[in-house]
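Numbering (my numbering), first residue to last: 8 to 168.
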């Protein structure tokens with residue numbers, strides 16, 4: 008049985024990110040962090056609803072695409088935390104920052120208990136952030152969320168191949 012690797016998922020997400028960067032450029036720079044978190048929540052809630060119903064209405068956007076959107080929104084939010092809004096930035100620099108975020112989770116891997124990891128846990132985690140945002144290290148929170156989402160996507164892709 009072929010297993011899907013996290014590296015494979017990261018490469019797919021990065022390819023999408025690079026393509027969208029060409030289309031959208033740096034439009035995300037004007038979006039506030041709280042709006043980015045809301046966008047992540049909306050996408051995660053879509054996954055939750057599809058899993059709950061067992062089907063989806065929009066056939067053109069698969070659940071895997073939505074997971075990848077979540078991953079890229081998390082990484083964009085992490086990039087926003089690491090750049091100055093006034094800073095002149097290039098596409099290659101953003102791609103480098105993109106890669107750095109995955110390096111951070113690789114070097115700081117905490118074991119996530121898979122048997123307890125569900126899309127509902129991620130929703131609860133995001134809602135917790137929205138309530139306690141002043142008390143939380145946003146970067147650490149987002150890195151953990153990124154790791155959790157990667158694992159869930161990997162498991163989902165393996166189940167549905």
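Built from N, CA and C at the ideal position, the CB exists for glycine as well. Just so we're clear, the structure is a prediction, and the values are computed from it rather than from any experiment.
With 16 other CB atoms within 10 Å as the buried threshold, where does residue i fall?
i, result
"residue 106", "exposed"
"residue 143", "exposed"
"residue 108", "buried"
Go ahead and pull the three-state DSSP assignment for residue i.
i, result
"residue 125", "coil"
"residue 94", "coil"
"residue 32", "coil"
"residue 118", "With a pLDDT of 49 at residue 118, under the threshold of 50, the modelled position of this residue cannot be trusted; read the value that follows with caution. Residue 118: coil per DSSP, three-state reduction."
"residue 10", "coil"
Nearest-angstrom Cα distance between residue i and residue j?
i, j, result
"residue 127", "residue 55", "7 Å"
"residue 88", "residue 100", "14 Å"
"residue 155", "residue 75", "12 Å"
"residue 15", "residue 32", "24 Å"
"residue 97", "residue 60", "42 Å"
Identify which residue in the options has its Cα closest to the Cα of residue i.
i, options, result
"residue 18", "136, 53, 98, 79", "79"
"residue 153", "24, 12, 52, 82", "82"
"residue 133", "86, 141, 51", "51"
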